[in-house]
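Peer 1: Keeping their order, the protein sequence lines are chains A and B. The first sequence begins at 917 in this note's numbering and counts up one residue at a time. The second sequence begins at 2 in this note's numbering and counts up one residue at a time. The beta carbon of each residue, even a glycine, is placed where N, CA and C say it ideally should be. As the structure is a computational prediction, the values presented were derived from the model and not from experiment.
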Amino acid sequence: MSALTDMPSRNIVRDGVTDTLVMTKRNLLVWIRVPAYIMFTLVQPIMFVLLFRYVFGGAIPVSGHYVDYLVPGVIGQTMGFGSFGTAIALANELQKGTIDRLKAMPMARSAVLLGRLAADTLRMTLVTLVLVGVGAAMGFRFHGGVLDAILMFVYAVLLGLTICTVSAFIGLSLKDEEAVQGFGLIWVFPLTFVSSAFVPVRSMPGWLQHFAVNQPFTQVIDCLRAFASGDPVGNHWWVSLLWMAGIMALFVPLAVRAYRRA
Amino acid sequence: MTASNSDDAIVVEGLRKHYGDVHALDGVDLHVPRGSVLGVLGPNGAGKTTAVKVLTTLIQPDAGRAIVNGIDVVKDPAGVRRSIGLAGQSAAIVEELTGRENLEFVGRLFHLGKARSKARAQDLLEQFGLTDAAERRAKTYSGGMARRLDLAASLVARPDVLFLDEPTTGLDPRARNDMWGVIRELVAGGTTLLLTTQYLEEADELADNIVVFDRGKVIAEGTSDDLKDTVGGDVVEFTIDDANDREAALAAVRSIDTTDPTLTDTGVITVRAGDRGSDRLVEVVRALDSAQLRPQGLGLRRPSLDDVFLALTGHVAEESADSETATERVGG
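#1: Name the DSSP bridge partner or partners of Y20(B)?
#2: Beta strand (DSSP E) containing R344(B): first to last residue?
#3: W181(B) and L207(B) look like a contact to me (Cβ under 8 Å); what is the Cβ gap, rounded to whole Å?
#4: Give me the DSSP bridge partner(s) of G164(B).
#5: Reducing DSSP to helix, strand and coil, say where L264(B) ends up.
#6: Is it true that the CB of S279(B) sits closer than 8 Å to the CB of P160(B)?
#7: Looking only at C-alpha atoms, which of F968(A), G992(A) and T994(A) sits nearest to Y982(A)?
#8: In its own chain, which residues sit with a C-beta less than 6 Å from the C-beta of H24(B), not counting the 5 before and 5 after it?
#9: List, in chain order, every chain B residue whose beta-carbon is nearer than 8 Å to that of A1020(A).
#10: Any chance the stretch 1104-1117 of chain A sits against the stretch 991-999 of chain A, with 3 or more Cβ pairs inside 8 Å?
#11: Is there a Cβ from chain A that is less than 8 Å from the Cβ of A93(B)?
#12: With 8 Å as the threshold, decide whether the Cβ of N927(A) is near any Cβ in chain B.
#13: Scan the stretch 941-960 of chain A for residues whose Cβ lies nearer than 7 Å to a Cβ of chain B and list them as they occur along the chain.
#14: Give the single residue among E14(B), L104(B) and R255(B) whose Cα lies nearest to the Cα of R117(B).
#15: Taking a contact to mean a Cβ-Cβ separation below 8 Å, would you say R273(B) touches V232(B) in this structure?
#16: Does the stretch 31-47 of chain B come within contact of the stretch 74-82 of chain B, defined as at least 3 CB pairs closer than 8 Å?
#17: Between R1118(A), F1056(A) and I1163(A), which has its C-alpha nearest R1141(A)'s C-alpha?
#18: Do F214(B) and V41(B) come within 8 Å of each other at the CB atom, strictly closer than that value?
#19: How is the alpha helix (DSSP H) around D179(B) delimited, first residue to last?
#20: Do you know offhand how far G268(B)'s Cα is from D242(B)'s?
#21: List the residues that DSSP assigns as beta-bridge partners of R930(A).
#22: Is G89(B) closer than 8 Å to P168(B) when the C-beta atoms are compared?
#23: Helix, strand or coil for R1118(A) per DSSP?
#24: List the residues of chain A that G293(B) touches, going by C-beta distances under 9 Å, in chain order.
#25: Please report the residue range of the alpha helix (DSSP H) in which F997(A) lies.
#26: Which ranges does the beta strand (DSSP E) cover as unbroken runs of at least 3 residues, wholly within the stretch 24-58 of chain B, from first to last along the chain?
#27: Take V1104(A) and list the residues in its own chain whose beta-carbon comes closer than 8 Å to its own, dropping the five residues that flank it on each side.
#28: How about R1177(A): is its C-beta nearer than 8 Å to some C-beta of chain B?
#29: Taking 8 Å as the CB-CB cut-off, is E97(B) touching chain A?
#30: For M1023(A), return the contacting residues in chain B, with the cut-off set at a CB-CB distance below 8 Å.
#31: Could you tell me whether the Cβ of Q128(B) comes closer than 8 Å to any Cβ of chain A?
#32: Quick one: what does DSSP say L299(B) is sitting in, helix, strand or coil?
#33: Closer than 7 Å, Cβ to any Cβ of chain A: which residues of the stretch 67-79 of chain B, in chain order?
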């Protein structure tokens, strides 16, 4: 009896791409079938939009309509919170031994990590679209051009992907779903709330403003807001890109190393 | 060590792997002839899982050589991965996917292409009696069904060499028997199998040859019968129900000049008969009778692998359980 896979492997790059696509599809299928995941990644951000629009929003002074201020902020926050799924899934698959089994197959080893990031990036794109739709129903409007709107999506999804690489590292390092439940999100709270997501930074105490103004979420959210409103982006566009490139330059190698060792 | 030859599907020589001070593998030699079943027996932490991880290219050994299907696991891990299958504790199963989807995804990851992955999934679902459950999510499967699906997943690419890491741990006796049936059929088809187990009965049922691991070393090897002979012939066994009489029974048996009898928590006393066979049985009966003790189920029997482990290591297999065990997923 000879193995079915005796034929020479076709092409390393092509196999890598195919394997990544297969893993992406598998991960997305799992996501849409688990109500808790949908709840967490889709319903929760919508809840944030509703709460801030109708409960807190009236008390928060911003120039222009609050809903126009809020929607880019919630999108930024959601990119942070949504990365939790990356950490949970990787920790769970490590813990169950699934990743070991995939590693013992002749598939491209990189496809496990790439397929995870690709699926999560698609998921984030979908969530961004939904949030824009929900926001529009409550009065959110793009005031810039089509290019500005596209750039807002691109920056949002790039932020999502960037934070997912951090979460991938966390999931692969903790290797334990419960540990991730406890720790995987806690660091996102200060980063997303101590930012310009929901309230103008100038309303915070001076010492906190230094952090809030310069941290990556504020930079990217200010970018998203400028693209949505059609206002000038200033230097936010390149500071954001620098932040995201820097975070990926640090966490992609860390995540890959953790994956290899796991 | 037996000299290896080209008919061996697995050859391992002087394999070592340590984690800190722990020698998970401390110089292991193995050879598995093509088409045969090797049972790797030992308690948790004995090094069984580490050996499987080296042979399936998941970890690199510190020293020694491991050849699977003629391919060196360190020099050409990708080649090894193309000729092996690995199954065990339902780890490959994605619970949110149906049984069919699970198998099709594995086919795609083995680069079988869409059509062949579908066909292969259908064949395997039929072979493992899972056609009725094929469109149900694996989450809803019983423990036994999940193990069968897991085993099916490891066979998608028709591997030449199959590794089963504790395939029945955590299963109830009926599901275990079903699983044994499935594995027997598979082996009858000529697949080479390396099977790790904590169950002495399982190795006895399925394996052509057995190696016994303890603390990273192979402490015995041979057929089930060979190993039983190391205990030294048959054993006399009986049960003393009254816990207060058990010490007296041990003393009575010791008075007839025998090697150390053993006593379990449930009052089962085992005495090695050596080459005296039924004469020893008569001596035991007399000794107990004169001590006015009432044994239950007294008889002479062939030694079990439990007796073997005890004779080889001086401790009972279950007692040395610790670290190595993987997270057990019951139910799936």
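Peer 2: In short, the structure shows the following:
#1: Looking up residue 20(B) in the second sequence gives position 19. Answer by DSSP bridge pairing, in chain order: V23(B).
#2: There is simply no residue 344(B) to check, as chain B begins at 2 and stops at 333 in what is shown.
#3: Residue mapping note: residue 181(B) aligns to position 180 of the second sequence, counting from 1. Residue mapping note: residue 207(B) aligns to position 206 of the second sequence, counting from 1. That pair is a contact at about 6 Å.
#4: Counting from one through the second sequence, the residue named residue 164(B) turns up at place 163. Residue identity differs from the one stated: residue 164(B) is Phe in this sequence, not Gly. F164(B) is bridged to L87(B) and L195(B).
#5: For the purposes of this step, residue 264(B) is taken as the residue at position 263 of the second sequence. If DSSP states are grouped into helix, strand and coil, L264(B) belongs with the strands.
#6: Walking along the second sequence from the start, residue 160(B) turns up at place 159. Walking along the second sequence from the start, residue 279(B) turns up at place 278. In this structure, S279(B) does not lie closer than 8 Å to P160(B) by Cβ.
#7: In the first sequence, counting from the first residue as 1, residue 982(A) sits at position 66. Closest option to Y982(A), Cα to Cα, is F968(A).
#8: Numbered from 1 along the second sequence, position 23 holds the residue referred to as residue 24(B). Excluding sequence neighbours, H24(B) sits near G217.
#9: By 1-based counting over the first sequence, the position of residue 1020(A) is 104. Chain B residues near A1020(A): T57, T58, L59, R82, I85 and L87.
#10: yes
#11: To locate residue 93(B), count along the second sequence from 1; it is residue 92. Yes, its Cβ sits closer than 8 Å to a Cβ of chain A.
#12: Residue mapping note: residue 927(A) aligns to position 11 of the first sequence, counting from 1. It does not; no Cβ of chain B falls within 8 Å.
#13: R942, L945, V946, R949 and V950
#14: In the second sequence, residue 117(B) corresponds to position 116, counting from 1. The candidate whose alpha carbon is nearest that of R117(B) is L104(B).
#15: The residue labelled residue 273(B) in the question sits at position 272 within the second sequence. The residue labelled residue 232(B) in the question sits at position 231 within the second sequence. Taking 8 Å as the Cβ cut-off, R273(B) and V232(B) qualify as a contacting pair.
#16: no
#17: For the purposes of this step, residue 1141(A) is taken as residue 225 along the first sequence, with counting starting at 1. Comparing Cα-Cα distances from R1141(A) to each of R1118(A), F1056(A) and I1163(A), the minimum goes to F1056(A).
#18: By 1-based counting over the second sequence, the position of residue 41(B) is 40. By 1-based counting over the second sequence, the position of residue 214(B) is 213. Their beta carbons are under 8 Å apart, which means V41(B) touches F214(B) by this criterion.
#19: As a position in the second sequence, residue 179(B) is number 178, starting the count at 1. Its alpha helix (DSSP H) spans residues P174 to A189.
#20: Locating residue 268(B) in the second sequence gives position 267, where the first residue counts as 1. Locating residue 242(B) in the second sequence gives position 241, where the first residue counts as 1. Taking the straight line joining both Cα atoms gives about 6 Å.
#21: Locating residue 930(A) in the first sequence gives position 14, counting from the first residue. Looking at the DSSP assignment, R930(A) forms no beta bridge with any residue, so it has no partner.
#22: Taking the second sequence and counting its residues from 1, the one referred to as residue 168(B) is at position 167. Taking the second sequence and counting its residues from 1, the one referred to as residue 89(B) is at position 88. In contact: P168(B) and G89(B) (Cβ atoms closer than 8 Å).
#23: As a position in the first sequence, residue 1118(A) is number 202, starting the count at 1. Of the three classes helix, strand and coil, the one that applies to R1118(A) here is helix, per DSSP.
#24: Locating residue 293(B) in the second sequence gives position 292, where the first residue counts as 1. A small correction: the amino acid at residue 293(B) is Gln; Gly does not occupy that position in the sequence shown. Correct list: empty, because the minimum Cβ distance to chain A is about 56 Å.
#25: What you label residue 997(A) is simply residue 81 of the first sequence in a count that begins at 1. Segment Y982 to G998, the alpha helix (DSSP H) holding F997(A).
#26: 38-42
#27: On the first sequence, residue 1104(A) is found 188 positions in, with the first residue counted as 1. The residues are G996, F997, S999, F1000 and I1079.
#28: As a first step, residue 1177(A) must be located in the first sequence, where it is residue number 261. Answer no: the Cβ-Cβ gap between R1177(A) and chain B never drops below 8 Å.
#29: By 1-based counting over the second sequence, the position of residue 97(B) is 96. Closer than 8 Å to some Cβ of chain A, the Cβ of E97(B) qualifies, so yes.
#30: On the first sequence, position 107 is the one that residue 1023(A) refers to. By Cβ distance, chain B contributes L110, F111 and H112.
#31: On the second sequence, residue 128(B) is found 127 positions in, with the first residue counted as 1. Chain A, which has no Cβ nearer than 8 Å to the Cβ of Q128(B), makes this no.
#32: For this step, residue 299(B) is matched to residue 298 along the second sequence. Strand, per DSSP.
#33: A79
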